[in-house]
Amino acid sequence: MRLVCPQRALSRCFSSHIRLVLLRPVPFVLLPLLSSALFSLGLLRISDALLKDNLELYTPTNARARAELRELGDLFHINDSDPYDMRRMGYIIVTAVDKGDILKAATLKASVKLWSIVQAITIDENQSDPRSAARPIDYPSLCVRFPLPDSLDNAMSLLFDDTRHNRTNVPVEDELCVSNPLLELVKLLLDSSLKSQQILMDALTKNGAHVNGSISIDSSLAELLNSLSLDALGSGVRGLLGGLSLEPETRKIAGAKALMLPYALKHGTEEEEANAEKWELKLAQFLDHFYSPHIKANWWTYETLAAESARDQRRLRHWLLPCFASVSLLSVLFCCCSSSVFSRPLLALSGVLSVALAISAGTGLLLLLRFPLTSVVLSMPFIIFSIGVDNIFILLAAWRSTSPFLSFEQRMAHTFGDAGVSITVSFSARETIDSFLINSRPFLITFLTDFLSFSVGCLTPFPSVQIFCLFCAVTLLFCYVYQMTLFAALMNFTCLREVQQRHCLTMRKMCRSSTKFGSSVFAVDKWSKYGVAPPLRSSHNLALSRFFRSHYAPFLLNKFVQSLVLFLFGFYLLISAYGCLNVEIGLEPLDLLPDNSNGKKALLEAEQYFPDHGGHLHVWMHNLSRVNLGHRRLWLVLEKEIELYEYTEFTGAADSWLRVFLQFYHAKGQFTSNENFVPRLKNFLKMKTHRKYRRDIRFTNDGQSLEASRVAVRLRFVGFQNQSRAMHLFRLLAESSELPTGVYADFFQFAEQFDALLPGTVCSIAVAGFAVVMVSLLLIPEPISALWVSFSTVSTNLGVLGLMPFLSIRLDFVSMVTIIMSIGFCVDFSAHLAYNYSRSDADDNEQHKQQKHLTAEQTRNSGRRNTVERMGNALYAVGTPICQSAATSILGVSFLAHTENYIFRSFFKTTVLVISLGLLHGLVILPVLLTLAHRKRSSGGANSENDRQQQITDCREEKWARTARDNRRRPNSANCSGTSAAEISAPFPPRADFFFPAPSIFDQRHFAFSMTRTGPMFVSREAAPSLYSLNSTLSMGEREKQWNRVNELIN
């Protein structure tokens, strides 16, 4: 069964197109150049379109966490004054150079000095009015301020009282910037007088140790540090000391490994946001060059991810030109040979140039249409270079396979018939359609499979994947259009130059000399006899192509080798299935940063030394005015709900306004009732010490009832591996609550990817695979071959997913992209082979149907050529382009391996894995499966009949050889026993590989018989490759006419 319905409309469309290209090539060169120049103007706004890398780009657009964050913001109006949700917050982690105790006097003094310099960093303030002069501002002017922490209020009250009475020289403020309180105390100690030191030590140590005038500041600092106990420090201070070690009995702090210096910046307005960004960038610039003999610092800022991504972007941009040059050079090498006529260096350069123009035009068009750009898209040119250049080799292989007997127009039509266009020019409409049905699919398959794969990627829920796949799909569309216009027109000029025997660079007409062929007297006589010169040597029969047909195909299709391949293929499937069960899911924040990034080091140190410093979990109960609790009191139910979230596996204590409220009135001996609950709560919130809880409470519009309540629960031990589990635990608690409850933490959005990746990947693979299978069924002649291609697609995707754990690659949005992309890649290689193999079978059936002297049984049996020969011809046609495509693809993406970013290295690893598996399936596994299926169908008497046909053909070759040498001796009876004279004298069938050896007579050369427009001529096998490699791209009727003419001339 053959599926031919969609091709007729495509045939008419492509027929008109190729006619225009051949008749008017110049417009097809100028229009793409002009459109590229126009669309490339969009590249001027690449800086404006480039999005800052943040975690929202890597979380699903339909994530539940996004809705939870909106609900939290609508209810409680989160801003930079909220201590539990400060977006512009960062920290510096300070450790000792020798990895020792950070609480030594020398390291602590160095830390205080570092923090003092950080606080003194100034920037020029952004002004809304450009006419006003910019003034320098420092951290105290930018920071978010909060009242002094309760844990240190009592400890410093004595010092503050003395300060207010002018008994010390320590400056005191009502509110402090976000910082490390312990470091601020040490700074006060170092900057104050001895009396102030004594007061401060009395407040902190509570041991009555006095400092006399003979004791130095270093001594008082050492005594202070030696006297610190865990109970004396509040939880806020303890959380900023990492790697604490305690004395067992006294619970005094024996040492610490790291010290965290947090900061927070105001960002409520656009001006504050711009000032905060400038200050953080200047902070990172200072810390990047900071040096101390005692301490080292790593930092994480709100701008760290964007700044590190910008550095990777600059590096990738620098690699674009070397990538373009390397791919161009390799393409030129693949298109060159020893002949200056048949080499095509300019065509290779034009092919790479068309891809580069397509990338520029596609990207510029999307930017003109105001689509955003991400740093991941910067890897797109390397991938599109790899995909787009592949088509050059497909087109050149199609040109090489055309017959030199045809006119130039017919050869170009056949070439683009193999590349996705119809046969045109001097053919009838019916011949056009028939030829298109046979020859017009491989290039179209290449484009459609890749385009559909990336189009499906645009439907994934991840914004970064959507943007990347959109840019890839659009640039692929431009690649296809440019190769059907610009490259087709330039190939028209190149092939015309080749037909006219002109030099590939100078365009000078080359003179043909018989010395190119050989000094044989016979050769000179034979060329003189027909009045033509021997043709120049060409690269038509590439050594690799001959290897695939003459050596590789017989070896691969050996029964023992086939059995070994099938055994190894089964083992490969088992290993892949095992790997799929052990694949790690999710992208960690660390993977977004380069290996040597200070931000990455800071995240690792934070996880190592501060596992309980994980931010806060927001728990809120809403619609409380509409909840019917019966006789129960609302505050008691609220308190019970809050206790569910405290001291779990991932949480500590909660900062509950309700608990403080109840303790406050209970200490006064006042009891709360339903009538006085709201009035007392309002009075409670008016007090200065409790004013911070106002943001946690919302009343109804009339102010008579409590509408919503929020509590912040401290998170701890929520590492990257536990984020998904913690999120599900908190949501399960919220869903089981009797009050309408919501929960949210900052890590929720990033943890959503763990739940969305696997279903999203499977769904994308299913949709893209179905689309690609349908394309294969429509464009590959035999449905059974299309099904084997589909099986190869499934096997390749299984291998990619299963081998990722062995390459240290997780299933994240990067590997999700490459898995989707692998569908198009693997189909390209497999579909080309299956298409040529299936087409050969169809041609055989047509050929034997035209041989009227055969019986019906003989026609049926002889219609199935020997599988080795068929597969050899298929590998001869596509083996070399597949290898060349794989080489250029790997070379193009290899530049991504030079980056220090996991994302781009993952692109490189997975793309190489996809190409390798696609090559393995296209050249090893699929040939075995196709031939096994064909042998099963053609089992019976076909082999004996094929052997007899081969014997008759060999005798005809021998007869033709003697005829060509003007030697009319009878054929050797030993070679032709069992064959009749009529069979030997029958017209020679149109074979693709007609040649014969005659080393003893023809001066150690192989000769073949070729036709030119002026008559027949003898050429060497190497000098006339276009005849030797004549394959099934010609229709059977055309080949029959050509060989009938040869019969007439010879006989």
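In our numbering, the protein residues as written are 6 to 1056.
Note that the Cβ used here is the ideal one computed from N, Cα and C, for glycine as well.
C-beta atoms of residue i and residue j nearer than 8 Å
| i | j | result |
| --- | --- | --- |
| S820 | T885 | no |
| Y296 | R92 | no |
| W102 | H299 | Note that residue 102 corresponds to Val in the displayed sequence, not to Trp. Yes, they are a contact pair. |
| R502 | L880 | no |
| L643 | L663 | yes |
| S331 | F818 | no |
| V357 | I389 | no |
| L325 | F44 | no |
| M809 | V919 | no |
| V718 | L586 | no |
| E612 | N303 | no |
| L80 | W625 | yes |
| L3 | L931 | The structure shown has nothing for residue 3, since the chain only spans 6 to 1056. |
| L578 | L803 | yes |
| S384 | Q318 | no |
| T904 | S391 | no |
| R715 | D701 | yes |
| A761 | P186 | no |
| L266 | V99 | yes |
| H618 | G923 | no |
| F755 | Q728 | yes |
Buried/exposed call for residue i, threshold 16 Cβ in 10 Å
| i | result |
| --- | --- |
| T656 | buried |
| H853 | Residue confidence for H853 is low, a pLDDT of 49 falling below 50, so the modelled location carries little weight; the figure read from the coordinates is stated next. By the neighbour-count rule (16 or more Cβ atoms within 10 Å), H853 is buried. |
| H556 | exposed |
| V777 | buried |
| L573 | exposed |
| A115 | buried |
| R29 | exposed |
| L321 | buried |
| T465 | buried |
| M512 | exposed |
| A750 | buried |
| A261 | buried |
Residues near residue i in its chain [Cβ-Cβ closer than 7 Å; skip 5 each side]
| i | result |
| --- | --- |
| N280 | I128, E130, N131, I142, L147 |
| S41 | L362, S365, A366 |
| V772 | V461 |
Spatial neighbours of residue i in its chain, beta-carbon cut-off 6 Å, leaving aside the 5 residues before and after
| i | result |
| --- | --- |
| L395 | In the sequence under discussion, the amino acid at residue 395 is Asp, which differs from the Leu named in the question. S890, listed in sequence order. |
| G829 | T454, D455, S458 |
| T490 | F33, P37 |
| L595 | K605, L608 |
| D530 | With a pLDDT of only 40 at D530, under 50, the local geometry of the prediction cannot be trusted, and no value is derived from it. |
| F339 | Q889 |
| C477 | M385, F459 |
Helix, strand or coil at residue i [DSSP, three-state]
| i | result |
| --- | --- |
| P466 | coil |
| M692 | coil |
| I126 | coil |
| E712 | strand |
| M5 | Only positions 6 to 1056 of the chain appear in this structure, which leaves residue 5 out of reach. |
| C474 | helix |
| I98 | strand |
| M265 | strand |
| D596 | helix |
| S250 | strand |
| V149 | coil |
| H621 | strand |
| Y650 | coil |
| I107 | coil |
| N174 | Here the model assigns N174 a pLDDT of 46, short of 50, so the residue's position is not dependable, and the following value carries that caveat. Note: N174 maps to coil in three-state DSSP. |
Same chain only: Cβ atoms within 8 Å of residue i, ignoring 5 sequence neighbours per side
| i | result |
| --- | --- |
| F291 | I122, V123, I126 |
| G807 | I580, S581, A582, Y583, G584, C585, V588 |
Report task. Let me know the alpha helix (DSSP H) ranges lying completely inside the region 269–339, each 4 residues or longer, listed in chain order. Result -> Listed in chain order, the alpha helix (DSSP H) elements of length 4 or more contained wholly in the region 269–339 are 275–293, 309–339.
Query raised in the report: What runs of the alpha helix (DSSP H), each 4 residues or longer, lie entirely inside the region 698–744?
Result: Fully enclosed alpha helix (DSSP H) runs of 4 or longer: 728–740.
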